[in-house]
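S.K.:
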Amino acid sequence: MRRLCGRAPSAVVKSCGGVFLFFIALSDETTGSLAADLPVGTYNQAISRGGSVTRDLETAVLGVEAPFGGLTLGEAGGRVRARNGGRAIELTVGFPCDGFVEELQARVREVTSAEEVAVRTEIAAHAVPPQVQRLEHVRNIIAVASAKGGVGKSTVAANLAVGLAMDGAATGILDADIYGPSVPRMLGLEGERPRSTDGKSFEPLRAHGLQASSIGFLVDTRSPVVWRGPMVTQALMQLLGQTRWKDLDYLIVDMPPGTGDIQLTLSQRVPLAGAVVVTTPQELAVADARKGIAMFRKVNVPVLGVVENMSAYVCPHCGHTEALFGEGGGARLAGEFDLPLLAQLPLSAGVRAATDDGRLVAPSEPDGGGDYRALSRAAAARLAGMSRGAKTAFPKIVVESD
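According to my numbering, the sequence shown holds residues 41 to 442 in order.
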């Protein structure tokens, strides 16, 4: 099958909801760089052979609100192609959607007269600064950070990763918290050791549909890691680069808490496509999360949004909710930086039990861990809607004495 004209070389085409689509594209010699140089509507009209895409049809479909993320399909990077005079529509989205493809199809049918709506996923690698080397076999790296310990960042990171995997994305998770690795236990992999075939690299462990790597797989987690900052940074870079990741759409990095040397070095040397910042509603946590957002902005890493964890305690007996840590902290933080509030996650005994037992919430709850599934979908939609163009180089941050 010939490459669809205009697709980024790093893009990957997958089936979505079991739908496989096949195209005969115009040759590169004929179309040149239409995808890069022309508006979406003109591009669709140029490549559509079974019928032209009218402006009204394109506007209607791309104006449909995506189920998650607060974006329209157009804002989330969607593309439309029509056949048979608009009776058949092919929608391409830049986020995994196996879990809600029927909802997408229904929303498109509501605004068109299409008899057939096919959806495909094309997850592309987003831009990183030119001086940062891409990680082989990894398209997008998303950091999950808090700048403060104890807010449930690792729980959010693990469930974000498994939520993406449940929707059809090839996903991995890197536990970058050297001093307190918790991902092995959360994934039910405590005590496991990675395998090496060449003595120089090692295979990621697998659980819940994820590829996983952690310092907790290599050291005795019962003993403290007493390392200075440079040693930790070197260990993290080796862990990241020497893990043999297998063709990942997303790699979720569970960042260590804080905004010091380790976090700054990771932000500057790891090719991050975006970051998710976790806080609780409590003002003490919000104050530190504010610093985390500022750090990412200083190094030109886009923040996809804010997650408010432990928003309220849910009584397991009567369902009553109590805002133990206050209310509205995540929303205020998001509004201060003009960011979306991606999710408000409850504090519940079920989340604690699932995490301790290595089951995670997203795959183990009867409803699929709806709050966490919504978070993963919102984050993916936000990333898909970002520009894929070249980013500005990282600023050089130095400390000078007067």
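Glycine included, each C-beta is placed from N, C-alpha and C at the ideal position.
What is the DSSP secondary structure of Ala299, counted as helix, strand or coil?
M.R.: The question names Ala, but residue 299 in the sequence shown is Thr. Coil.
S.K.: Specify the secondary structure class of Val341 as computed by DSSP and reduced to three states.
M.R.: Reduced to three states, the DSSP call for Val341 is coil.
S.K.: Within the same chain, show all residues whose beta-carbon is closer than 8 Å to that of Gln282, passing over the 5 residues directly before and after it, in chain order.
M.R.: Taken in chain order, the residues that qualify are Lys240, Ser241, Phe242.
S.K.: Quick check on DSSP: helix, strand or coil for Phe257?
M.R.: Helix at Phe257.
S.K.: What three-state label does DSSP hand Phe242 in the structure shown?
M.R.: Of the three classes helix, strand and coil, the one that applies to Phe242 here is strand, per DSSP.
S.K.: Could you tell me which whole alpha helix (DSSP H) segments of length 4 or greater appear in the segment 368-393?
M.R.: You should have 369-376.
S.K.: Please state whether DSSP places Tyr412 in a helix, a strand or coil.
M.R.: Reduced to three states, the DSSP call for Tyr412 is helix.
S.K.: With H, G and I counted as helix, E and B as strand and the rest as coil, what does DSSP make of Leu306?
M.R.: If DSSP states are grouped into helix, strand and coil, Leu306 belongs with the helices.
S.K.: Span of the beta strand (DSSP E) holding Leu175?
M.R.: Leu175 -> no beta strand (DSSP E), and no H or E assigned at all.
S.K.: Indicate the three-state DSSP secondary structure (helix, strand or coil) for Glu105 in the structure shown.
M.R.: Of the three classes helix, strand and coil, the one that applies to Glu105 here is strand, per DSSP.
S.K.: Going by beta-carbon coordinates alone, are Val178 and Leu288 separated by less than 8 Å?
M.R.: Yes, these two residues count as a Cβ contact at 8 Å.
S.K.: Quick one: what does DSSP say Leu423 is sitting in, helix, strand or coil?
M.R.: Of the three classes helix, strand and coil, the one that applies to Leu423 here is helix, per DSSP.
S.K.: In angstroms with no decimal places, state the Cα-to-Cα distance between Phe257 and Gly109.
M.R.: About 34 Å.
S.K.: In this structure, what does DSSP give as the bridge partners for Ile292?
M.R.: Note: Ile292 sits in a beta bridge opposite Ile182, Ile213.
S.K.: Are the beta-carbon atoms of Ile292 and Ala197 separated by less than 8 Å?
M.R.: A contact, by the Cβ cut-off of 8 Å.
S.K.: My guess is that Gly368 and Pro297 are in contact by the Cβ rule of under 8 Å, so how many angstroms apart are they, rounded?
M.R.: Contact flag wrong, Cβ pair sits at about 23 Å.
S.K.: Check whether the segment 113-133 and the segment 170-190 are in contact - that is, three or more C-beta pairs closer than 8 Å.
M.R.: Contact between the segment 113-133 and the segment 170-190 is absent, because fewer than three Cβ pairs lie under 8 Å.
S.K.: Runs of 4 residues minimum, wholly inside the segment 125-209: which ones carry the alpha helix (DSSP H) assignment?
M.R.: Runs found: 141-151, 193-206.
S.K.: Beta-carbon within less than 6 Å of Val391's beta-carbon, same chain only, minus the 5 sequence neighbours each way: which residues are those?
M.R.: Correct list, in chain order: Val401.
S.K.: If you draw a straight line from the alpha carbon of Thr319 to that of Glu155, how long is it in whole angstroms?
M.R.: Whole-angstrom Cα-Cα distance: 45 Å.
S.K.: On the three-pair Cβ rule with 8 Å, is the segment 337-354 touching the segment 217-236?
M.R.: The segment 337-354, when compared against the segment 217-236, does not touch it at the 8 Å Cβ threshold.
S.K.: Leaving out five residues before and five after Val157 in sequence, what residues of the same chain have Cβ atoms less than 7 Å from its Cβ?
M.R.: Excluding residues within five positions, the ones whose Cβ falls inside 7 Å are Ile129, Leu131, Gln145, Val148, Arg149.
S.K.: Count Cβ pairs between the segment 325-341 and the segment 204-224 that sit closer than 8 Å; are there 3 or more?
M.R.: No: the two stretches stay apart, fewer than three of their Cβ pairs being nearer than 8 Å.
S.K.: Around the C-beta of Asp301, are 16 or more other C-beta atoms found within 10 angstroms, so that it is buried, or is it exposed?
M.R.: The residue in question, Asp301, is exposed, as its Cβ has fewer than 16 Cβ neighbours within 10 Å.
S.K.: Look at the alpha carbon of Gly114 and the alpha carbon of Thr195, and state the distance between them as a whole number of angstroms.
M.R.: C-alpha separation (whole angstroms): 31 Å.
S.K.: Can you name, in chain order, every residue of its own chain whose Cβ lies under 6 Å from the Cβ of Leu381, other than the five neighbours on each side?
M.R.: Contacts found: Val346, Gly370, Ala371, Ala374.
S.K.: So, using beta-carbon positions, are Asp207 and Gly139 closer together than 8 Å?
M.R.: Yes, Cβ-Cβ distance for Asp207 and Gly139 is below 8 Å.
S.K.: Is Glu323 helix, strand or coil by DSSP?
M.R.: Note: Glu323 maps to helix in three-state DSSP.
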